[in-house]
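Chains as they are written, first to last, in my numbering: chain S, 3 to 459; chain Y, 332 to 625.
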Amino acid sequence: MKKKLLSVSLAAVMALSMTACGSTAVEAPAETPAATTEAAAETTAATEAAGDAADYEECEISFDWWGGDSRHEATLAAIEAFQAKYPGITVKYNYGAWTDYETARALEFQSKTAADVNQINFNWIGDYDADGSVFLDLNTVSDTLDLSQWGDEYLDMMKDVNGGLAAVPVSMTGRIFYWDKTTFDEAGIEIPKSLADLRAAGKTFAEKLGDDYYPLALGPYDRMIMATLYLQSKLDQPIIADGTFNYTEEQLKDGLDFIQSLEDDHVIPSLETIDGDAADSFDVNEKFISGKYAGILEWDSAPKKYVSALGDARELVVGEEFTDFGGKSTGVFYKVSMAMAISTTCEHPKEAAMLINYLLNDPEGVAIMATERGIPQSEIAVKTLSDADALDPLILEAHNKVMDSAAFALDPKFEDSGLKSTDNGVYKDAFDGISYGDYTTEEAAGILFDAFTEVCQ
Amino acid sequence: MNKTLKRNMGLLFITPWLIGFCVFKLYPFASSLFYSFTDYNLFKGLHEFGIMNYVETLTKPANQKALIVTFKYAFMTVPLKLIAALFIAYILNFKIKGVNFFRTAYYIPSILGGSVAISVLWRALFKDGGLIQTGCALIGITAPNFMSDPNWALFIICLLRVWQFGSSMVIFLAALKGVPQDLYEAASIDGAGKWKQFFSITVPLITPVIFYNLVTQLCQAFQEFNGPYIITKGGPRNSTTLISLLIYNNAFRTYDMGLASAMAWVLFVVLMFFTVIAFWSQKHWVYYSDEEGK
């Protein structure tokens with residue numbers, strides 16, 4: 003008997019361990035709790051979506067997205083409401099964090115096994131849909147997906163090589179400073195409104211708070227963006243436009259010298275210091291959470307995870323875009339933060355389009371999603387959230403400041419995976435190299451110049 | 332049952348395995364060799380044939396550095412792990428109180444493998460201001476910045492694998508149980524101490540197991556991926572970028588399958604070389620108790 007019991011136990015443990023070996027991403031058909039159905043029914047009564055269609059097929063569609071916990075929760079609630087509104091359509095979902103998300107999706111795009119509906123990054127159209135065969139031309143489902151909610155200039159950014167509409171933009175975004183006001187208060191100074199203020203803050207922090215306090219923290223990619231803001235402002239032209247790299251090696255060196263001067267002036271910690279923190283990102287970095295890193299340069303759509311990391315004890319505020327880089331403009335750029343696309347392998351494109359329309363244009367879905375994917379670009383979505391006073395004030399303030407000062411659109415080639423990769427990308431190599439003392443800024447500028455030239459060929 | 336069927340019955344039984352072998356082993360093996368001589372990129376296609384990937388693998392400084400780091404890793408980890416495993420197995424072979432608890436406790440790290448939990452634990456231990464630095468500071472020692480110092484980062488990756496010596500330990504323990512007790516008794520009568528007994532009786536008699544552990548650990552070390560991937564991501568400054576991590580980065584970050592395949596084949600050849608050396612060397616130091624002796 004004992005042996006039997008042991009065998010059964012061992013078998014159960016083996017079965018469990020086999021389960022544990024599976025994918026960590028969540029993948030399960032969603033259910034429809036009654037409570038959500040009732041809530042959805044109330045919201046549906048308010049306004050009918052433009053893409054609402056009575057003659058849909060009962061089917062199962064799949065949907066992949068990346069994000070943080072709050073986005074996952076909102077999207078799951080929206081899916082439940084969608085299924086309640088359109089009985090018979092089941093949405094099978096798969097979500098995860100950004101880390102390694104792109105790698106997994108890229109392989110799915112290549113092997114034609116991607117989900118029906120995909121949240122995509124704006125450079126994926128050029129990178130993974132080079133021949134226009136991966137993402138469906140959304141003009142073919144325009145009777146279901148209300149494309150009139152987007153301006154032509156934004157839809158044009160989503161076109162593939164064949165001129166088809168590969169995706170619809172969910173929101174636009176750009177980088178802006180967020181400051182931990184509590185730390186600045188502790189140092190007895192105002193939050194920086196200019197580069198001069200920021201440099202002065204570096205000195206004050208070291209004197210009043212200690213050498214381990216910095217007014218701003220920048221990782222390798224953040225440094226590339228900061229250098230780009232500086233150079234775009236100074237040179238008054240975008241770093242890449244229409245796939246052409248616009249700068250010389252000398253100009254790149256100037257940008258790198260600028261970043262290095264921030265490190266030398268105790269404005270930003272060295273990358274060696276940041277590596278020593280052993281944190282994947284600033285929102286989980288103990289020094290950011292405790293106020294030792296008192297500023298970040300982040301996407302306007304991303305402050306919530308930092309607010310949540312700081313908790314109630316510290317106050318995160320939106321800063322100003324700097325106007326004293328030495329040029330005519332702020333150098334600020336905007337880009338499509340993310341987009342929604344349908345795979346060409348999707349067997350139910352109409353129903354997939356209904357889901358996108360529900361999430362982006364249907365007031366009911368929009369109300370549930372709120373600003374979880376940034377300030378929406380769809381006109382009806384903005385109106386719905388504005389009327390309901392549901393636009394997150396911090397995100398709205400950041401977004402308005404970015405869009406008001408944005409001088410250039412960011413070219414997708416800037417985010418080429420070979421340049422941007424956090425593990426072995428050229429940005430990381432160049433800025434790590436300078437910060438660790440392996441490269442001079444001249445050598446790093448040469449590396450960056452060669453890489454940009456190759457990507458833009 | 333006709334004769335042909337009877338004659339081929341064995342083949343029929345192993346057909347499922349053969350299909351699996353051909354589809355999941357032989358085909359990838361052969362196709363990676365083919366791709367290693369091409370510039371195949373997952374999203375840009377195949378345009379060129381030649382040995383350019385092998386030239387790049389062996390001449391590009393970053394790749395050379397990865398090969399050197401892999402050698403360092405393997406030659407630090409394997410001996411340390413074998414010594415730790417044998418030492419603990421030797422102790423756990425004595426009749427001491429609670430020995431089963433200790434055997435289980437020492438084996439547990441092996442089953443944890445490379446997981447997120449281990450990554451969190453290791454980072455908490457070795458980050459700046461982490462448990463190790465704090466502990467060292469308490470006794471007046473200034474510990475290095477393990478996570479950000481390129482000279483020390485590889486050490487913590489090695490330590491992770493050495494810490495997971497449980498599986499080798501169990502194999503050593505089984506071998507130690509097989510050493511005849513009468514040899515120890517005879518040696519004791521002759522006045523041999525514990526160390527003398529260990530080096531003159533135990534070690535020679537378990538050399539086949541030491542050899543087995545050496546080869547398997549060598550193969551494992553050269554293919555190590557999880558440790559640097561979950562803890563340091565290959566940094567700082569590529570000081571923990573082992574060749575397997577570079578293969579992954581080339582294959583799945585930049586999609587250069589041709590280059591990644593060539594690197595995998597270089598790794599295979601290196602591994603094969605050391606395995607052949609190990610097998611060749613066994614006639615000099617491994618004792619088999621069959622009719623041939625050695």
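Just so it is clear, CB atoms sit at the ideal spot from N, CA and C, and this is done for glycine as well.
Alpha carbon to alpha carbon, how far is residue i from residue j?
i: Y103(S); j: S450(Y); result: 19 Å
i: G313(S); j: I449(S); result: 40 Å
i: E188(S); j: D282(S); result: 27 Å
i: A446(S); j: G190(S); result: 37 Å
i: G333(S); j: T442(S); result: 25 Å
i: Y216(S); j: A393(Y); result: 32 Å
i: A42(S); j: I178(S); result: Confidence at A42(S) is low in this model, with a pLDDT of 40, below 50, so the placement of that residue should be treated as unreliable; the coordinate-derived value is given next. In a straight line, the C-alpha of A42(S) is about 35 Å away from that of I178(S).
i: A79(S); j: P395(S); result: 22 Å
i: E366(S); j: G90(S); result: 19 Å
i: D513(Y); j: S499(Y); result: 26 Å
i: K430(S); j: V501(Y); result: 42 Å
i: A609(Y); j: D224(S); result: 48 Å
i: L490(Y); j: S173(S); result: 46 Å
i: P169(S); j: D145(S); result: Here residue 169(S) turns out to be Ala, not Pro, going by the sequence shown. Near 15 Å, if we compare the C-alpha coordinates of D145(S) and A169(S).
i: Y371(Y); j: M588(Y); result: 6 Å
i: M383(Y); j: A361(Y); result: 18 Å
i: I470(Y); j: Q464(Y); result: 10 Å
i: L343(Y); j: P359(Y); result: 24 Å
i: G427(S); j: A593(Y); result: 20 Å
i: V400(Y); j: C467(Y); result: 27 Å
i: F555(Y); j: N581(Y); result: The residue asked about is misnamed: residue 555(Y) is Glu in this sequence, not Phe. Their backbone Cα atoms lie some 16 Å apart in a straight line.
i: T424(S); j: L398(Y); result: 21 Å
i: S331(S); j: Q234(S); result: 8 Å
i: D326(S); j: F207(S); result: 21 Å
i: H615(Y); j: V546(Y); result: 16 Å
i: D129(S); j: H378(Y); result: 18 Å
Count the other C-beta atoms from every protein chain shown that fall within 10 angstroms of the C-beta of residue i, then say buried if there are 16 or more, exposed otherwise.
i: D213(S); result: exposed
i: R338(Y); result: exposed
i: E516(Y); result: exposed
i: P194(S); result: buried
i: K564(Y); result: buried
i: W526(Y); result: exposed
i: W348(Y); result: exposed
i: K428(Y); result: exposed
i: M371(S); result: buried
i: M340(Y); result: exposed
i: E192(S); result: exposed
In chain order, what residues of the same chain lie with their CB nearer than 7 Å to the CB of residue i, ignoring the 5 residues before and after it?
i: L167(S); result: D139, L140, N141, L157, M160, K161
i: L462(Y); result: A455, L456
i: L357(S); result: I63, F65, F84, V93, V119
i: G70(S); result: K307
i: F380(Y); result: F368, T369
i: L417(Y); result: F503
i: Q528(Y); result: Y515, A518
Counting only the same chain and skipping the five closest in sequence on each side, list residues whose C-beta sits under 8 Å from that of residue i.
i: S64(S); result: V93, K94, Y95, N96, A117, D118, V119
i: K403(Y); result: L485
i: V617(Y); result: T538, P539, I541, F542, K625
i: Q548(Y); result: T408, V409, K412, L413, S499
With a threshold of 7 Å between beta-carbons, can residue i be considered close to chain A, or not?
i: L373(Y); result: Absent from the structure is chain A; the protein chains it does hold are S and Y.
Tell me which residues share the same chain as residue i and place their Cβ nearer than 6 Å to its Cβ, disregarding the 5 neighbours each side in the sequence.
i: E110(S); result: A116
Can you tell me whether residue i sits near the ligand GDP, meaning its C-beta is under 6 Å from at least one heavy atom of the ligand?
i: M160(S); result: Ligands are entirely absent from the displayed structure, and the ligand GDP is therefore not among its contents.
What whole-angstrom Cβ distance do residue i and residue j have, given they're in contact under 8 Å?
i: Y363(S); j: I382(S); result: Per the sequence shown, the amino acid found at residue 363(S) is Asn instead of Tyr. Indeed they touch by this definition, with Cβ atoms about 5 Å apart.
i: G329(S); j: L237(S); result: 7 Å
i: A99(S); j: E374(S); result: Actually they do not touch by this definition, with Cβ atoms about 15 Å apart.
i: G321(S); j: W152(S); result: Rounded, the Cβ-Cβ distance is 29 Å, inconsistent with contact.
i: F374(Y); j: A400(S); result: Rounded, the Cβ-Cβ distance is 34 Å, inconsistent with contact.
i: N476(Y); j: G278(S); result: 5 Å
i: L200(S); j: V269(S); result: 6 Å
i: V143(S); j: A355(S); result: 4 Å
Exercise. Would the segment 599 to 607 of chain Y and the segment 384 to 396 of chain Y be scored as touching if the rule is three or more Cβ pairs under 8 Å?
Worked result: no
Problem set entry | Segment contact, 8 Å Cβ cut-off, at least three pairs: the segment 502 to 516 of chain Y with the segment 362 to 375 of chain Y | no
For this session: Decide yes or no for the touch test of the segment 409 to 422 of chain Y against the segment 528 to 543 of chain Y: beta carbon pairs closer than 8 Å, at least 3 of them.
Result: yes
Exercise. Would the segment 473 to 489 of chain Y and the segment 559 to 574 of chain Y be scored as touching if the rule is three or more Cβ pairs under 8 Å?
Worked result: yes
Exercise. Hey, is the segment 344 to 354 of chain Y in contact with the segment 425 to 440 of chain S, meaning 3+ C-beta pairs nearer than 8 Å?
Worked result: no
Exercise. Is the segment 404 to 411 of chain S touching the segment 232 to 246 of chain S in the sense that three or more CB pairs, one from each, lie closer than 8 Å?
Worked result: yes
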